[in-house]
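To start, the structure under review is shown below, and the notes come after it.
Protein chains in written order, with the numbering used here: chain D, 2 to 272; chain B, 294 to 848; chain W, 7 to 156.
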């Protein structure tokens, strides 16, 4: 068996909803079945074969080649298997996923890992706004799993996040950790303004003081030696990420907030 | 065009007709006599089918600011219930807070041909009417809300005579284009603005010194004296508070024989006995209702699952907000008039309190003797969405089904009720009273809810089925004003129902103090407050039906 | 914060926003579809996404070939630059940097024809009255005429 490969044929004018193209939903289908499946594209539906050259047959190992930022909902609600994307991906990559792996060579658009529950997404590029967030108007963002971004993320990373981990090797945009309820965000690079805005609980871990400082909505709780940090760094060792090579530390300055609300979130900055 | 429905089993309690085989003739949207020449243009064989007038929901939150807030606040509610457009129907969304088009279609599909919005804020009445204008097929109307409005409370504090209050009430009903008058937590919404967190029947509003009892007394008299057929529609004090049954009993007693409709009585029938300090007061309440013939009630049954509570009672909604599920809510004070609270809620069958609420509602249904004075509601969407009515009807008509459901609920709650020992099963005739004849009489609809000659041809045709849920969720045919709008539970034609109103007379001298009041305090001109008849008719799709006043009322 | 303060005393915030009729459109869209603006119907049912359905984004990414621009209140509110064919139902007297393919001048609600509008707090709606007889059609009349002709 070789990976089921879907090679995008042309430049897209319209966005395409790729949510039916997951290991779960393709189980039991042969190439002919898949070729005939209809995808929503703009106001039309188009058969898969009109958009993609199809080869291979292993539906648990799906590859998108020549991928585009207009391919939305890749890996939607997948529970197992692997999706590899060469190129960019559109909005809602890995939305609602509960397991399996997604890896992408390029950049993603908004809402990567939106409300994901488990599994891993690795972005070898930049991610757009609302990584691991809740849909607009909803209350629960990602509740499990891991998102690794080698590049930068846009605004509102981890908005309404409840559990799980977002690891950013580059920089995070404005309002990182906004309205966070729980979970962990770690950023090796810099973070934008309004870090932890309306954060309720959860942890944002930084190896250096943010360029814009800590807002007045967070109280400085002094320096601490936190025993769980070395354990967490140890858990990073298995990851295919710069985080695996970060030298662990346990001494941090702890800031608690956002005191505009219940104020039980924490920003930990390496001392 | 003369249409004949042949051979149906007619259930028409308004004319004491119980399961009599008779033909019905329809011409120009009305039920007519058998033509003398016997000529019929179209005949539909309905032999063996059960025929009732179209059902009337006399208390359902289908329009106005709070419903739209619920819609806007709950994308969760919409994403789980989407309806694609068809050649005929427009698309829509929503389970607990459906879009207006979806609301009209779902009601019609269940054989309902009218729904009445019970909480029309005067200042926001225009929006309520616009939303109902966009609700297809069914007739509609609204009860306009007073009782926590500054103008009334000022009048009462100044001890104005009843005549002046009558004038103000009649003026408001006219210009809000309403069919009745509602009071919500009388004076309590106002008291909340002054940071009072509860207001008992005889407790004074800190600012005006007026008690809920005074307000109920004044407004119920006003409604009676100006001849509005629908009695004062009362959402009482202390909604949802354990022990509120005493307040409700006092309210019934305090009505002093004046007609009063106590809405969603289930939420007002709580005792404080037992380990959970929460018990059923349904028996005492039902006894009081049975004794006081001036009192009518609707139940506000809760059914398990996700819904949203929307109410003008922001004092009680604020208190309930910590229970919001999902965790978000809106409470508003609305200017000089009232308030608004929208709190999503999930009723759980393994919660002691929710299970007991379910039992209290059903106990009330089964222990109130007179089906002409009790009405089938879930206070949509507060107790459950209106789409659950067929399920509720089955609970009332099928004792073994009811007891099977009961046996799955929170065990401690089961011990706190004697529901299992209540043998009553509602008959089709009694269901027809509650949902048709009685409801029409209560709202004051002269030409609806019955199948007499001259009545509007709002007719529902069911296949008799011992599974009453199946029977009532999918009628064979529904006719609205003589046109077949539903066949086999599917909407086949879109019509636009009328808006029912009453027009009690008032003395225009009331406009002098009102003009001054609007100019000084309101954010809106008095001329803009008034809703013209043309606005209801709008693009010609809407229409206004003025219902007759009671004798004694001046017209 | 207002929620926290209300635990012991009373506090209110007054959200105000919206102009050129967008508060009204949001309210009407919400009761008719269940969702505010930025809702797509491409799958035959309402589907809300405030980011993907942002018209500026759609135009910038060439995801639309036709723009229908409705602006009956303000002549200064003109369509954005785009490569899409553009039909404007705009207040009479509108000046364009780039001429649209079609421009149908319309009257102003509350001046040339009746209407209703929501106040910017979205709580209260007020009637708009016809103040003059300009002969200009309303947006409703134009759209109804187009529908009739189709």
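Ideal Cβ placement from N, Cα and C applies to all residues, glycine included.
With a threshold of 16 other beta carbon atoms within 10 Å, residue 808 of chain B falls short and is exposed.
Residue contact with chain W for residue 111 of chain D: present (Cβ-Cβ distance below 7 angstroms to some residue of chain W). Here the C-alpha atom of residue 13 of chain D lies approximately 12 angstroms from the C-alpha atom of residue 73 of chain D. Taking 7 angstroms as the CB threshold, residue 118 of chain D stays off the interface with chain B.
Of the candidates B:473, B:534, B:498, B:707, the residue whose Cα lies closest to the Cα of residue 484 of chain B is B:498.
The secondary-structure analysis by DSSP pairs residue 122 of chain W across a beta bridge with W:133. Taking C-beta atoms as the reference points, residue 144 of chain D and residue 173 of chain D fail to come closer than 7 angstroms. Sequence-ordered contacts of the stretch 624 to 648 of chain B with chain W read 626, 627 [C-beta pairs closer than 7 angstroms].
The beta carbon of residue 95 of chain D is closer than 6 angstroms to those of 76, 103, 114, 117, 122 in its chain, skipping five residues each way along the sequence.
The secondary-structure analysis by DSSP pairs residue 103 of chain D across a beta bridge with D:84, D:122.
By the beta-carbon neighbour count (other beta carbons within 10 angstroms, threshold 16), residue 330 of chain B is exposed.
Residues of chain D whose Cβ lies closer than 8 angstroms to the Cβ of residue 100 of chain W do not exist; the shortest such Cβ separation is about 28 angstroms. Not a single CB atom of chain B sits nearer than 7 angstroms to the CB of residue 19 of chain W. Listed in chain order, the beta strand (DSSP E) elements of length 3 or more contained wholly in the stretch 27 to 87 of chain D are 39 to 42, 45 to 48, 53 to 56, 59 to 68. If you draw a straight line from the Cα of residue 75 of chain W to the Cα of residue 192 of chain D, it comes to about 39 angstroms. The straight-line gap separating the alpha-carbon atoms of residue 116 of chain W and residue 133 of chain W is approximately 8 angstroms. Residues are counted here when their Cβ sits less than 9 angstroms from a Cβ of chain W; for the stretch 468 to 493 of chain B these are 485, 486, 487, 488, given in chain order. The criterion of a C-beta distance shorter than 7 angstroms is not satisfied by residue 110 of chain D and residue 135 of chain D. If you look at residue 735 of chain B, you'll find it in the alpha helix (DSSP H) that goes 731 to 736. In the structure shown, residue 573 of chain B adopts extended strand secondary structure according to DSSP, grouped into three states.
When C-beta atoms of the stretch 664 to 682 of chain B are compared with those of the stretch 746 to 761 of chain B, fewer than three pairs fall below 8 angstroms, so the two segments do not count as touching. DSSP, read as helix, strand or coil, puts residue 262 of chain D in coil. Residue pairing for residue 256 of chain D: DSSP places it in a beta bridge opposite D:221, D:268. Residue burial annotation: residue 487 of chain B is exposed, with fewer than 16 other C-beta atoms found within 10 angstroms of its C-beta. Among the CB atoms of chain D, one or more fall inside 7 angstroms of the CB of residue 49 of chain W.
Under the Cβ criterion of 7 angstroms, residue 38 of chain W is counted among the residues facing chain B. If you check the CB distance, residue 57 of chain D and residue 23 of chain D do not come in under 7 angstroms. Below 8 angstroms, enough C-beta pairs join the stretch 516 to 535 of chain B and the stretch 450 to 465 of chain B to call them touching: three or more.
Under the Cβ criterion of 7 angstroms, residue 411 of chain B is not counted among the residues facing chain D. Under a 10 Å Cβ-count criterion, residue 89 of chain W is classified as exposed, with fewer than 16 other Cβ atoms of the shown protein chains found around its own Cβ. At a cut-off of 7 angstroms between beta carbons, residue 69 of chain W contacts chain D.
Contacts with chain D at 7 angstroms (Cβ-Cβ) include residue 620 of chain B. The beta carbons of residue 196 of chain D and residue 242 of chain D sit about 22 angstroms from each other, so the pair does not count as a contact at 8 angstroms. Separation of residue 110 of chain W and residue 262 of chain D (C-alpha to C-alpha, rounded to the nearest whole angstrom) is 51 angstroms.
Fewer than three beta-carbon pairs drawn from the stretch 765 to 773 of chain B and the stretch 353 to 363 of chain B are found closer than 8 angstroms, and the two stretches are therefore not classed as touching. Chain B has a Cβ within less than 7 angstroms of the Cβ of residue 140 of chain D.
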